[in-house]
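In the numbering used here, the protein residues as written are 134 to 415.
Glycine included, every Cβ here is placed at the ideal spot set by N, Cα and C.
A short write-up of the structure that comes next.
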C-alpha cells in the first residue's frame with residue numbers, strides 16, 4: 134500500500150516533466166497565450182474523468198469561492214510561466230518551480246502563524262540561492278523572463294492554499310481540482326481575448342496544436358496524481374519527490390534542447406533541488 138501511494142508523486146513528476154518539455158517545444162510555433170488556453174482546457178479532460186473515480190460530483194457551497202480564487206491564481210501562473218518559458222531555457226525556467234514551496238512557507242509563517250524550523254529556513258535560503266545562481270549569468274533581457282517565471286510560481290504557490298483547503302474539507306480532490314481548473318481556463322480566455330482577436334500567422338501544420346493538447350493532458354494528469362497525494366495524506370513526501378522537477382527538466386533541456394549548461398547554472402539547479410527536498414523532509 135505504501136509503495137502504491139509513493140507512486141503518485143512520481144507519476145506527477147513524470148507527467149509534469151513531459152508536459153513542460155512538450156510545451157517548450159510548442160512555444161517555437163504558438164504564442165504563450167494560445168498555449169495557455171490549450172493546456173488549461175485540455176487538462177480539464179482527465180480531471181473531469183477523475184471526478185467519477187473519486188467520489189463523483191460533490192456540491193459544497195465553500196468549493197465555489199475557493200475554486201474561483203484558486204482558478205485565477207492557476208490561470209495567472211499559466212500566462213506568466215509560458216511567457217517566460219518561451220524565451221528562457223527549459224533548465225533555467227525549471228528552477229523557478231521550487232519557488233512555490235517558499236511561498237507556501239512564507240504564508241504559513243506570516244498568516245497562519247506556524248512555527249518554522251532551522252531546516253526549512255535553510256531550504257528557503259538554498260532555493261533562493263539556486264535561482265540566483267541560474268539567473269546571474271543571463272543578459273538583462275532574458276533575466277526579465279526568469280523573473281516572470283518566478284512570478285508565475287508565486288501565483289502557483291498561492292494556488293495550492295485554497296485548493297488544499299477545499300480538498301481537506303470535502304476529503305476528495307477531484308471536484309476542487311476541476312472547479313479551480315475550469316475557472317482558470319475561463320480566466321485565461323478572458324485575459325487573452327484581446328490578443329487572440331488580432332489573429333496570428335497560420336501554421337502550415339496542426340502538429341503544434343496536437344503537441345500542446347497532449348501537454349495539457351499530461352499537465353492535468355500531473356495535477357490529478359499530486360492532488361490525490363494531498364488527499365491521501367502524503368503531502369510532505371510528495372513535495373520532496375516533485376521538488377526533483379528542476380533536475381528532470383535540466384536533463385531534458387541539456388540532452389534534447391541543447392541548453393547551455395554552465396557551472397553556475399548546474400550549481401544553481403543542484404542547490405535549488407537540495408533546498409526543496411530539505412524543506413519537504415524537515
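Q.
On the DSSP letters alone, give me the boundaries of the alpha helix (DSSP H) that residue 352 sits inside.
A. 340–364
Q. Should residue 155 be labelled buried (16 or more other beta-carbon atoms within 10 Å of its own) or exposed?
A. buried
(Q) Taking only three categories from DSSP, how would you classify residue 145? (A) helix
Q.
For a quick check, are the C-beta atoms of residue 303 and residue 191 less than 7 Å apart?
A. yes
Q. Taking three-plus beta-carbon pairs below 8 Å as touching, is the region 373–382 in contact with the region 222–237?
A. Three or more pairs of CB atoms, one per stretch, sit closer than 8 Å, so the region 373–382 contacts the region 222–237.
(Q) For a cutoff of 7 Å on Cβ pairs, would you count residue 372 as touching chain D? (A) Reference to chain D is not applicable here, since this structure consists of a single protein chain.
(Q) Is it the case that the region 306–323 contacts the region 196–209, given that we only count it when at least three CB pairs across the two stretches are under 8 Å? (A) Flag = yes, the region 196–209 and the region 306–323 touch.
Q: Check each candidate in 216, 319, 414 and name the one with the smallest Cα separation from residue 279.
A: The shortest C-alpha to C-alpha distance from residue 279 to any of 216, 319, 414 is the one to 216.
Q | Cα-Cα separation between residue 300 and residue 263, rounded to whole angstroms | A | 31 Å
Q | Proximal residues to residue 148 (C-beta, below 8 Å), its chain only, five neighbours per side dropped | A | 351, 352, 354, 355, 358
Q) Rounded to a whole number of angstroms, what is the C-alpha to C-alpha distance between residue 338 and residue 168? A) 16 Å
Q. Since residue 288 contacts residue 206 with CB under 8 Å, what's their CB separation in whole angstroms?
A. 5 Å
(Q) Check for me: the alpha helix (DSSP H) holding residue 191 runs from which residue to which? (A) First-last for residue 191: undefined, no H or E at that position.
Q | residue 362 versus 290, 176, 210, 307, residue with shortest Cα-Cα distance | A | 307
Q. Do you know how far the Cα of residue 400 is from the Cα of residue 409?
A. 14 Å
**Q.** Backbone CA spacing between residue 321 and residue 214 [nearest angstrom]
**A.** 13 Å
Q | Under 7 Å between C-beta atoms of residue 129 and residue 146 | A | Outside the shown range of the chain, which is 134 to 415, sits residue 129, and nothing can be said about it.
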